[in-house]
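J.: Just add 43 to the spot in the sequence shown (first one is 1) and you have my numbering.
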Amino acid sequence: MKRFEELFAPHMDAAYNLARWLTGSDSAAHDVVQESAFKAFKFLHRFADGNAKAWFLTIVRNESYNWLKGSTGHRWVAIGDEISQDDLALSHCQTPELLAMRAEDAARVQQALSALPPAFREMIVLKELEEMPYKDIAKVVDIPIGTVMSRLARARVMLKLELLKLQGHE
Numbered sequence: 044m045k046r047f048e049e050l051f052a053p054h055m056d057a058a059y060n061l062a063r064w065l066t067g068s069d070s071a072a073h074d075v076v077q078e079s080a081f082k083a084f085k086f087l088h089r090f091a092d093g094n095a096k097a098w099f100l101t102i103v104r105n106e107s108y109n110w111l112k113g114s115t116g117h118r119w120v121a122i123g124d125e126i127s128q129d130d131l132a133l134s135h136c137q138t139p140e141l142l143a144m145r146a147e148d149a150a151r152v153q154q155a156l157s158a159l160p161p162a163f164r165e166m167i168v169l170k171e172l173e174e175m176p177y178k179d180i181a182k183v184v185d186i187p188i189g190t191v192m193s194r195l196a197r198a199r200v201m202l203k204l205e206l207l208k209l210q211g212h213e
């Protein structure tokens, strides 16, 4: 139990983040992370002291896709969380107008990101939000590093197009 906690407890937030973006559901993300933690604990003997984060996020990714396959009515749901004031990194010199603009921008990015297909959304989440290196993303997604780079490039273009589309509807 102690080894499990040392290896995987530091990565629970990253696991939840990935599951949340892939499933589009807070409750599903919690379920996915719980199931993933159970599987990681159960199969800890198979972990060969490599990259614990990549190994755990691989399990989370697989469980997220299993959840998506099993929930036909909930596939690719847009994320509708409110942006909390805590997430905006408030400082004493920011005006209410600036805060409103930042919240609007963050909501627009969330909406655009949630519109991407999961295979591209996970690239953005793992690279830009979790700041994982390409080699670790390749392990998590089980694709060659070159495919990670090309898929990430395509994901960024798709995200940019979604943002431009959303900006055009104002």
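Glycine included, C-beta positions come from ideal geometry on N, C-alpha and C.
Return the Cβ separation of L195 and K170 in integer angstroms, given the expectation that the two are a contact with Cβ distance under 8 Å.
T.: Sequence index remark: in the sequence shown, residue 195 carries index 152 (1-based). Sequence index remark: in the sequence shown, residue 170 carries index 127 (1-based). Going by Cβ atoms, the distance from L195 to K170 rounds to 6 Å, so yes, they are a contact pair.
J.: Please state whether DSSP places M175 in a helix, a strand or coil.
T.: As a working mapping, residue 175 is identified with position 132 in the sequence shown. Note: M175 maps to coil in three-state DSSP.
J.: If contacts are defined as beta-carbon pairs under 8 Å, then K168 and W64 qualify, I think. What distance do you get, rounded to the angstrom?
T.: Here residue 168 is taken as the residue at index 125 of the sequence shown, counted from 1. Here residue 64 is taken as the residue at index 21 of the sequence shown, counted from 1. The identity of residue 168 in the sequence shown is Val, whereas the question assumes Lys. V168 to W64, Cβ: 5 Å. Contact.
J.: Let me check understanding here. Comparing Cα to Cα, which of H73, M44 and P187 lies closest to A58?
T.: Position 15 of the sequence shown holds residue 58. Closest option to A58, Cα to Cα, is H73.
J.: Can you list, in chain order, the residues of its chain with a C-beta nearer than 8 Å to that of G123? Leave out the 5 residues immediately preceding and following it.
T.: Here residue 123 is taken as the residue at index 80 of the sequence shown, counted from 1. Reliability of the predicted coordinates at G123 is poor, the pLDDT of 36 falling under 50, and the value obtained from them is presented with this limitation in mind. Once the five neighbours on either side are set aside, G123 has no close Cβ partner at all.
J.: Determine the DSSP secondary structure at N109, reduced to helix, strand or coil.
T.: The sequence position of residue 109 within the sequence shown is 66, counting from 1. Note: N109 maps to helix in three-state DSSP.
J.: Check whether the Cβ atoms of E165 and V152 lie closer than 9 Å to each other.
T.: Working through the sequence shown from its first residue, we reach residue 165 at position 122. Working through the sequence shown from its first residue, we reach residue 152 at position 109. Contact: no.
J.: Verify whether the separation of the beta carbon atoms of E106 and K82 is less than 9 Å.
T.: Locating residue 106 in the sequence shown gives position 63, where the first residue counts as 1. Locating residue 82 in the sequence shown gives position 39, where the first residue counts as 1. Going by C-beta atoms, E106 is nearer than 9 Å to K82.
J.: For the alpha helix (DSSP H) that contains L207, what are its first and last residues?
T.: Counting from 1 along the sequence shown, the entry for residue 207 is found at position 164. Run containing L207: I188 to G211, per the alpha helix (DSSP H) assignment.
J.: For the alpha helix (DSSP H) holding L50, just list the boundary residues, first then last.
T.: Here residue 50 corresponds to residue number 7 of the sequence shown, with the count starting at 1. It spans K45 to F51 - the alpha helix (DSSP H) in which L50 sits, taken as one unbroken run.
J.: Quick one: measure Cβ to Cβ for R46 and L111, integer angstroms, because I've assumed they're closer than 8 Å.
T.: For this step, residue 46 is matched to residue 3 along the sequence shown. For this step, residue 111 is matched to residue 68 along the sequence shown. Not confirmed; about 31 Å, so no contact.
J.: Once DSSP output is grouped into helix, strand and coil, what is the label at P160?
T.: On the sequence shown, position 117 is the one that residue 160 refers to. Reduced to three states, the DSSP call for P160 is coil.
J.: Taking the straight line between their C-alpha atoms, what separation do you get for A198 and G189?
T.: Position 155 of the sequence shown, counted from the start, is the residue given in the question as residue 198. Position 146 of the sequence shown, counted from the start, is the residue given in the question as residue 189. Each residue's alpha carbon lies about 14 Å from the other.
J.: If distances are taken between C-alpha atoms only, which option among K96, V200, L156 and S68 comes closest to E48?
T.: By 1-based counting over the sequence shown, the position of residue 48 is 5. Selected option, being the one with the closest Cα: K96.
J.: For V200 and I102, I'd like the C-alpha separation in whole angstroms.
T.: The residue given as residue 200 occupies position 157 in the sequence shown. The residue given as residue 102 occupies position 59 in the sequence shown. Approximately 27 Å between the Cα atoms of the pair.
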